[in-house]
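Residue numbers (the UniProt record's numbering), protein chains in the order written: chain R, 1 to 280; chain V, 1 to 280. Yeah, the Cβ is synthetic: ideal placement off N, Cα and C, and Gly gets one too.
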């Protein structure tokens, strides 16, 4: 089912809840790739009924970001979602989600200011707001998020805990192309040449993981290596390399399990992110 | 039932929801008076099951305010609530509601900055946060708030709309003592002398209503009258007089139906508020 209004989606889900069905929810901005589909499949395995939302959320884009150009193909998203096991695709209009005169702000302090929050100051406030709204609309049993967006994941876990949402957040692994590039709806922006340069991100992380396996525990040395590896390629313009605790997104002094290494870079004009959860 | 943990209250309410019972919710800071009891009675009339929360919310008190001294009598609150028709009293500890390291902020912009928000800058953020948490814990069908806290009511209505909470806010009339004083848990702070001075608030509003009935529509003239009437009494230290639209809390240029006249004053050391919804 392809549903566009809050009222309709609530009515349908009330029926499901009346018969005590568990509801798995996968919020997305659409233009789905294998990463999203892995979340939908996981949701289907663990729940009776699966809702996928497809909504390019204007509140999480800055004025000079790619809201207008963000790729959209709702029919394709519908077919892919159904194919992966979704029962309902919720695709609201901007007016449906943000009627005039929205006054509410939802913020998760501290976790939202570093990494992607530093160069995208509106980003995580917009995400916390839309996720709060979507949780209240869908009222899911479990909600599925990719480890690709590691900072978002940490923020949403904290949001659920601090605001007492009665649901479980399920984190799913980052999915990569065969050559290692982290899947992203924005990969479509890359020229052939940039597509090759973009591999610098994942390759630098894999090599860092190797260094750690071989005993390196100093985050500064790892950062230095990654910086050099990425910036060697002139298509890559580094935004950040951060080595943090994956739960609270605070920088670590020594690398250990559950340490997150996260990078962001512009490849040509396309902003890409990637990360690994360290195994020591 | 007197319940202290989120887990217990959720388990009990899940049973109620399984049998499709409607849940009425009355959030309070305890030390209940007739105003609170009128909310509980209304909730009982309109719902199968009534939850009253009793929680003195530290997040809505400023550092120099009366959090520590705020009157508390949980056994009395329990008995009064049950007597008025409550089925469950939820009385969590501070640690239960705010485990260490709370990072979330919920704000309703614009509506929170004037009136009480001007002299109590933390107040409405603390309310929006605790109400969001309580709504997520109780998940009520309807929630009941008094017109006494008119700005709070406007903020919570906006919160529910903007964050898509699936519940209805029911506004209930302000309840007064026989002599006109607006009921408040803080009235207990007043000395006999101050108790008499406190009547200046309600009396000024009644007289303003008379002026409006007689044709006055100019908010400045009404403000000037109220100011003079309240400040004539040396126990009364005026905080604000505002004449606003009751929905968006923006000052009006001409008085009409749904205009709110709100006053706040310190009477001795006790901060009191009062208001009327104008009938033209």
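Coil, strand or helix - residue i by DSSP
i: residue 90 (chain R); result: strand
i: residue 85 (chain R); result: coil
i: residue 274 (chain R); result: strand
i: residue 242 (chain R); result: strand
i: residue 187 (chain R); result: helix
i: residue 218 (chain R); result: coil
i: residue 197 (chain R); result: helix
i: residue 206 (chain R); result: helix
i: residue 232 (chain V); result: coil
i: residue 145 (chain R); result: strand
i: residue 263 (chain R); result: strand
i: residue 165 (chain R); result: coil
i: residue 250 (chain V); result: coil
i: residue 160 (chain R); result: helix
i: residue 171 (chain V); result: strand
i: residue 182 (chain V); result: strand
i: residue 318 (chain V); result: Summary: the structure shown does not reach residue 318 (chain V), with chain V confined to residues 1 through 280, and so no result is reported for it.
Member of the options whose CA lies at the smallest distance from the CA of residue i
i: residue 209 (chain R); options: R:153, R:67, R:257; result: R:257
i: residue 90 (chain R); options: R:121, R:54, R:76; result: R:54
i: residue 62 (chain V); options: V:232, V:43, V:126; result: V:126
i: residue 131 (chain V); options: V:245, V:247, V:265, V:28; result: V:28
i: residue 108 (chain V); options: V:280, V:99, V:123, V:98; result: V:123
i: residue 247 (chain V); options: V:183, V:214, V:276, V:157; result: V:157
i: residue 134 (chain V); options: V:82, V:159, V:114; result: V:159
i: residue 148 (chain V); options: V:184, V:168, V:44; result: V:184
i: residue 255 (chain R); options: R:263, R:196, R:12, R:279; result: R:279
i: residue 195 (chain V); options: V:163, V:265, V:139; result: V:265
i: residue 162 (chain R); options: V:140, V:100, V:207; result: V:100
i: residue 102 (chain R); options: V:57, V:141, V:139, V:164; result: V:164
i: residue 143 (chain V); options: V:197, V:46, V:58, V:150; result: V:46
i: residue 17 (chain V); options: V:232, V:140, V:173, V:276; result: V:140
i: residue 217 (chain R); options: R:1, R:36, R:259, R:35; result: R:259
i: residue 94 (chain V); options: V:59, V:64, V:199; result: V:59
i: residue 38 (chain R); options: R:120, R:174, R:274, R:198; result: R:174
i: residue 219 (chain R); options: R:117, R:243, R:68, R:273; result: R:243
i: residue 356 (chain V); options: V:203, V:262, V:211; result: Residue 356 (chain V) lies beyond the range of chain V shown here (1 to 280); nothing can be said about it.
i: residue 276 (chain R); options: R:66, R:73, R:197, R:201; result: R:201
i: residue 241 (chain V); options: V:214, V:151, V:110; result: V:151
i: residue 13 (chain V); options: V:34, V:48, V:36, V:35; result: V:48
i: residue 129 (chain V); options: V:98, V:261, V:116; result: V:98
i: residue 230 (chain R); options: R:206, R:212, R:215, R:249; result: R:206
i: residue 74 (chain R); options: R:11, R:35, R:67, R:4; result: R:4
i: residue 113 (chain R); options: R:155, R:176, R:92; result: R:155
i: residue 287 (chain R); options: R:176, R:225, R:35; result: Since the first and last residues shown for chain R are 1 and 280, residue 287 (chain R) lies out of range.
i: residue 168 (chain V); options: V:22, V:10, V:1, V:9; result: V:22
6 Å Cβ shell around residue i - same chain, five flanking residues per side excluded
i: residue 344 (chain R); result: This structure does not reach residue 344 (chain R), given that chain R is present from 1 up to 280, and the question cannot be answered.
i: residue 32 (chain R); result: 77, 80
i: residue 245 (chain R); result: 252
i: residue 153 (chain V); result: 145, 171
i: residue 189 (chain V); result: 270
i: residue 137 (chain V); result: 6
i: residue 2 (chain R); result: 78, 89
Spatial neighbours of residue i in its chain, beta-carbon cut-off 8 Å, leaving aside the 5 residues before and after
i: residue 44 (chain V); result: 24, 50, 84, 85, 86
i: residue 82 (chain R); result: 89
i: residue 115 (chain V); result: 151, 240, 242, 244, 249, 262, 264
Sequence-distant residues of its chain with Cβ nearer than 7 Å to residue i (five each side left out)
i: residue 293 (chain V); result: Residue 293 (chain V) lies beyond the stretch modelled for chain V, which goes from 1 to 280, so this question has no answer here.
i: residue 191 (chain V); result: 268
| task | Could you name the residues of the region 111-124 of chain V whose beta carbon sits closer than 9 Å to any beta carbon of chain R, in the order they occur along the chain? | result | Result list: 111, 112.
| task | Counting only runs of 4+ residues fully inside the region 57-143 of chain R, write out the alpha helix (DSSP H) ranges in chain order. | result | Qualifying alpha helix (DSSP H) stretches, in chain order: 74-84, 94-97, 116-119, 123-138.
| field | Interface residues of the region 88-112 of chain R facing chain V [CB-CB below 7 Å] | value | For the region 88-112 of chain R, the residues whose beta carbon sits under 7 Å from a beta carbon of chain V are, in order, 102, 103, 104, 105, 106, 107, 108, 109, 110, 111.
| Using a Cβ cut-off of 7 Å, which residues of the region 155-186 of chain V contact any Cβ in chain R, in chain order? | Sequence-ordered contacts of the region 155-186 of chain V with chain R read 158, 159, 162, 163, 164, 165, 166 [C-beta pairs closer than 7 Å].
| query | Looking at chain V, which residues of the region 129-146 of chain R have a Cβ within less than 9 Å of any of its Cβ atoms? | reply | Under the 9 Å Cβ criterion, the region 129-146 of chain R contributes 129, 132, 133, 134, 135, 136, 137, 139.
| Any residues in the region 2-19 of chain R with a beta carbon nearer than 7 Å to a beta carbon of chain V? Which ones, in chain order? | Those residues of the region 2-19 of chain R that come within reach of chain V (Cβ to Cβ, closer than 7 Å) are 6, 10.
| What alpha helix (DSSP H) runs, 4 residues minimum, are completely inside the region 6-67 of chain R? | The qualifying runs are 6-18, 34-46.
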